[in-house]
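First to last, the sequence lines map onto chains D and C. To convert, note that position 7 of the first sequence is 7 in the UniProt record's numbering; the numbers rise steadily by one, no gaps. To convert, note that position 231 of the second sequence is 231 in the UniProt record's numbering; the numbers rise steadily by one, no gaps. Note that beta-carbon positions come from the ideal geometry of N, C-alpha and C, so glycine has one too. Just so we're clear, the structure is a prediction, and the values are computed from it rather than from any experiment. Written out below as structure tokens is the structure these notes cover.
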Amino acid sequence: MLEQQLLNALTLGSVYALFALGFTLVFGVLAVINLSHGAVFMVGSYAALALVTHFDAPLWLAILGAMLISGTIGLLVDVLILKPLRARNAPHLIPMIATIGVGIMLTSAAQGMFGAEVLRFPEETLPAGEFIVGNVHVRALELAIVAIAFILMAVLFTLIKRTQLGRALRAIAESPKAAWLLGINVEGLFHVTSFVAAALGGVAGVLIGLDFNAITPQMGQPILHKGIAVIILGGMGDIRGALIGGLFLGFAEVISKAYLSSQMGDAVAFGLLFLILLVRPSGLFGRKLERKA
Amino acid sequence: MSDPTLLSIRNVGKHFGGLHVLQDVSFEVPAGSIYGLIGPNGAGKTTVFNLVTGLLEPSNGTIEFMGNSLVGLPPQRITHRGIARTFQNIRIFKEMSLLENVMVGMHDHLNYSPAAIFFNTGACRSAEKRARERAFELLSWVGLEHKSDMLADNLSYGDQRKLEFARALATEPKLLLLDEPVAGMNPSEKTILMEEIRNIRDRGYGVFMIEHDMRFVMGLCDRIAVLNFGRIIAEGTPDEVRNNPDVIEAYLGKEDEA
Numbered sequence: 001m002l003e004q005q006l007l008n009a010l011t012l013g014s015v016y017a018l019f020a021l022g023f024t025l026v027f028g029v030l031a032v033i034n035l036s037h038g039a040v041f042m043v044g045s046y047a048a049l050a051l052v053t054h055f056d057a058p059l060w061l062a063i064l065g066a067m068l069i070s071g072t073i074g075l076l077v078d079v080l081i082l083k084p085l086r087a088r089n090a091p092h093l094i095p096m097i098a099t100i101g102v103g104i105m106l107t108s109a110a111q112g113m114f115g116a117e118v119l120r121f122p123e124e125t126l127p128a129g130e131f132i133v134g135n136v137h138v139r140a141l142e143l144a145i146v147a148i149a150f151i152l153m154a155v156l157f158t159l160i161k162r163t164q165l166g167r168a169l170r171a172i173a174e175s176p177k178a179a180w181l182l183g184i185n186v187e188g189l190f191h192v193t194s195f196v197a198a199a200l201g202g203v204a205g206v207l208i209g210l211d212f213n214a215i216t217p218q219m220g221q222p223i224l225h226k227g228i229a230v231i232i233l234g235g236m237g238d239i240r241g242a243l244i245g246g247l248f249l250g251f252a253e254v255i256s257k258a259y260l261s262s263q264m265g266d267a268v269a270f271g272l273l274f275l276i277l278l279v280r281p282s283g284l285f286g287r288k289l290e291r292k293a
Numbered sequence: 001m002s003d004p005t006l007l008s009i010r011n012v013g014k015h016f017g018g019l020h021v022l023q024d025v026s027f028e029v030p031a032g033s034i035y036g037l038i039g040p041n042g043a044g045k046t047t048v049f050n051l052v053t054g055l056l057e058p059s060n061g062t063i064e065f066m067g068n069s070l071v072g073l074p075p076q077r078i079t080h081r082g083i084a085r086t087f088q089n090i091r092i093f094k095e096m097s098l099l100e101n102v103m104v105g106m107h108d109h110l111n112y113s114p115a116a117i118f119f120n121t122g123a124c125r126s127a128e129k130r131a132r133e134r135a136f137e138l139l140s141w142v143g144l145e146h147k148s149d150m151l152a153d154n155l156s157y158g159d160q161r162k163l164e165f166a167r168a169l170a171t172e173p174k175l176l177l178l179d180e181p182v183a184g185m186n187p188s189e190k191t192i193l194m195e196e197i198r199n200i201r202d203r204g205y206g207v208f209m210i211e212h213d214m215r216f217v218m219g220l221c222d223r224i225a226v227l228n229f230g231r232i233i234a235e236g237t238p239d240e241v242r243n244n245p246d247v248i249e250a251y252l253g254k255e256d257e258a
């Protein structure tokens, strides 16, 4: 029983981590809390579903397509909305409010195109395998979800830690002005970051859609709240913190649902989070939030 | 001196609304020397740097670097042309190692495709290796090579300054702009830094600095321009400037802070 729950928790937690990673990346590099990230997650889910049902795409291709589509939306949000606001030196709250608007637009658009009812991936498109390890039922789908999430996170970590692109992004996160004056095309990397973050959010949407096999226009809302909680828990802008925070929330949620109360799962998970923040107000890996313009 | 002109500023003015910060500023920074821009607080010195590096655009006048206009270019393009700068309030990347700090400065020269790292291509590995070696070399120029893996946050103030020099030099500039390099330093740190700046010049870089510390400027610069209320009131060798009555009145006359 416990092992089974741990597997569920790992699956859920790795998707939360993937979602939070894109979220925290945008905050770290662009200094914007992008509240359309939940809607982009939802769009990813619908994009994969549409590719599978209307174009008979195999699942792996649908996931790639969903990444591309949600990434493009992220890029457009940056180019059409965030960039003009940056150019006008808009105070921090303005871009955040603007992204709430984007989220509402995307949610309404999805509802208009696909209806408000719950949609599902056709049974035959899901990986069907299931095997038993010890006393744990392992679905091939869950394995695939965990594998995809961790591979993408490993790729992102390698990029950030080991490449010049990553060094440039970390430099921008600390001081965009200094990075600019060292010859870095800061605007260009803002676009790249927005694309990558949204693509990760979109994949997370596909994975959750597959895991629960339920897709609705509103599915971005609860995960947005969880994403905010995770990146605050991990330390704003810290990608390692987003990974650990995401896994933590997944485990807290699943375990409290299983052993405490199925209705109170979220409440317990968020209560725990609140307690941690009382002890460590700037998050697990948080530093004092300071940023030179 | 037959050194060619690196930076040429002609009749430059800058106003913000009705506030004239700079008026009719002209001077030339030659190659292979140390040029100082001094003046009381609020004289407009940092504005000159912001105009040269592209953070601001002049309201009128021309700014040329090696014969090409810089006006209207964004900062990263100006860096690409060969101008690097350090900041009055140090802006090193505190959460990165010293080596990484310097490698960030090599961005223009280290543009392999990020996809290449995953296929671990030879081109990318050798580019990274060369950059690493060059960064190490620059760190040893400023005497920080033994701390290359340390987080920059742990450096002393004077060492942070040196790291900023190394990082600026990593952009392979021809002209290095130093914004109050000795601000907040004790006398022995200042002496070390003076030597460091001379070394940089002797390696063939042009150095253009803003500084408050008169003794430092007079002892180091080959030529000096004096800015007061947004206008150049004197220009010449340290001796010429020191004996200029306008300068004595405007600046040296009330010099008791340095």
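Give me whichever residues DSSP pairs with residue i in a beta bridge.
i	result
C/Lys-14	C/Leu-22
C/Pro-30	C/Thr-5
C/Lys-232	First, the amino acid is wrong: residue 232 of chain C is Ile here, not Lys. In DSSP, C/Ile-232 forms a bridge with C/Leu-227.
C/Met-209	C/Gly-36 and C/Leu-178
D/Ile-145	Beta-bridge pairing links D/Ile-145 to no other residue.
D/Phe-27	BP columns for D/Phe-27 are empty, so no partner.
D/Glu-130	D/Arg-139
C/Ala-84	C/Leu-176
C/Leu-151	C/Ser-97
Of all the options the options, which has the alpha carbon lying nearest to the alpha carbon of residue i?
i	options	result
C/Gly-82	C/Val-102, C/Met-103 and C/Leu-169	C/Leu-169
C/Leu-155	C/Gly-105, C/Lys-94, C/Gly-36 and C/Arg-223	C/Lys-94
D/Phe-114	D/Ala-252, D/Thr-11, D/Ala-50 and D/His-37	D/Ala-50
C/His-15	C/Pro-4, C/Gly-204, C/Val-48 and C/Ser-140	C/Val-48
D/Ile-276	D/Asn-34, D/Val-230, D/Gly-237 and D/Asp-238	D/Val-230
D/Ile-63	D/Ala-171, D/Ile-148, D/Leu-165 and D/Ile-255	D/Ile-148
D/Ala-242	D/Thr-163, D/Phe-131 and D/Tyr-16	D/Tyr-16
C/Ser-188	C/Leu-139, C/Gly-206, C/Phe-27 and C/Gly-158	C/Gly-158
C/Glu-172	C/Gly-204, C/Arg-161 and C/Arg-198	C/Gly-204
D/Phe-19	D/Arg-170, D/Lys-226, D/Phe-121 and D/Ala-66	D/Lys-226
C/Glu-100	C/Gly-122, C/Pro-75 and C/Glu-133	C/Glu-133
Taking only three categories from DSSP, how would you classify residue i?
i	result
C/Leu-7	strand
C/Phe-165	helix
C/Ala-258	Low confidence applies here, because C/Ala-258 scores a pLDDT of 45, under 50, leaving its location unreliable and the question unanswered by this model.
D/Arg-139	strand
C/Ile-63	strand
D/Ile-35	Note on identity: in this sequence residue 35 of chain D is Leu, with Ile being the wrong assignment. Coil, per DSSP.
D/Ser-45	helix
D/Phe-285	coil
C/Glu-240	helix
D/Ser-262	coil
D/Thr-72	helix
D/Gly-13	helix
D/Phe-212	helix
C/Asp-246	helix
D/Leu-119	strand
C/Asn-186	coil
C/Ser-69	strand
D/Val-186	helix
C/Leu-110	coil
C/Pro-58	coil
C/Cys-124	helix
D/Asn-89	coil
D/Arg-280	coil
Q: Evaluate the contact criterion for the region 139-150 of chain C versus the region 211-229 of chain D: three or more CB pairs, one atom per stretch, below 8 Å.
A: No: the two stretches stay apart, fewer than three of their Cβ pairs being nearer than 8 Å.
**Q.** Members of the region 174-192 of chain D that neighbour chain C once the beta carbon cut-off is set at 8 Å
**A.** The region 174-192 of chain D vs chain C, Cβ under 8 Å: Glu-174, Ser-175, Lys-177, Ala-178, Ala-179, Trp-180, Leu-181, Leu-182, Gly-183, Ile-184, Asn-185 and Val-186.
Q. Does the count of Cβ pairs from the region 251-261 of chain D and the region 41-56 of chain D closer than 8 Å reach three?
A. The region 251-261 of chain D and the region 41-56 of chain D do not touch, with fewer than 3 CB-CB distances between them shorter than 8 Å.
**Q.** Meets three-Cβ-pair contact criterion under 8 Å: the region 26-40 of chain D and the region 185-193 of chain D
**A.** Counting C-beta pairs closer than 8 Å gives three or more between the region 26-40 of chain D and the region 185-193 of chain D, which meets the contact rule.
Q) Would you call the region 197-205 of chain D and the region 70-77 of chain D touching, i.e. three or more CB-CB distances under 8 Å? A) Cβ pair count under 8 Å is three or more, so yes.
Q. Between the region 227-241 of chain C and the region 35-50 of chain C, are three or more C-beta pairs nearer than 8 Å?
A. Result yes; three or more Cβ-Cβ pairs closer than 8 Å.
**Q.** Cβ contact check for the region 149-160 of chain D and the region 44-51 of chain D: 3 or more pairs under 8 Å
**A.** These segments do not touch.
(Q) Using a Cβ-Cβ cutoff of 7 Å, what residues of the region 83-116 of chain D are near chain C? List them in chain order. (A) Flagged: no residues at all.
Q: Using a Cβ-Cβ cut-off of less than 9 Å, list which residues of the region 138-163 of chain D approach chain C; keep chain order.
A: Among the residues of the region 138-163 of chain D, those with a Cβ less than 9 Å away from any Cβ of chain C are Val-155, Thr-158, Leu-159, Arg-162 and Thr-163, in the order of the chain.
Q.
Output needed in chain order: residues of the region 41-67 of chain C with a Cβ under 9 Å from some Cβ in chain D.
A. Listed by position along the chain: Thr-53, Gly-54 and Leu-55.
Q. Do the region 96-106 of chain C and the region 58-66 of chain C touch if we need at least three Cβ pairs shorter than 8 Å?
A. No: the two stretches stay apart, fewer than three of their Cβ pairs being nearer than 8 Å.
Q.
Is it the case that the region 7-20 of chain D contacts the region 243-250 of chain D, given that we only count it when at least three CB pairs across the two stretches are under 8 Å?
A. Yes: the two stretches touch, three or more of their Cβ pairs being nearer than 8 Å.
Q) Does the count of Cβ pairs from the region 207-214 of chain C and the region 181-192 of chain C closer than 8 Å reach three? A) The answer is yes - the region 181-192 of chain C touches the region 207-214 of chain C, with three or more Cβ pairs under 8 Å.
(Q) Using a Cβ-Cβ cutoff of 7 Å, what residues of the region 148-162 of chain C are near chain D? List them in chain order. (A) Residues: none.
Q. Are the region 6-25 of chain C and the region 190-198 of chain C touching by the rule of at least three beta carbon pairs closer than 8 Å?
A. Flag = no, the region 6-25 of chain C and the region 190-198 of chain C do not touch.
Q: Taking a Cβ distance cut-off of 9 Å, strictly less, list which residues of the region 230-243 of chain D are near chain C, in chain order.
A: Going along the region 230-243 of chain D in chain order, one finds no residue with a Cβ nearer than 9 Å to chain C.
Q. Which residues, in chain order, does the region 74-86 of chain C contribute to contact with chain D at a C-beta distance below 7 Å?
A. Correct list: Pro-75, Gln-76, Thr-79, His-80 and Arg-85.
Q) Can you list, in chain order, the residues of the region 171-194 of chain C whose Cβ is nearer than 9 Å to any Cβ on chain D? A) Cβ contacts with chain D come from Thr-171.
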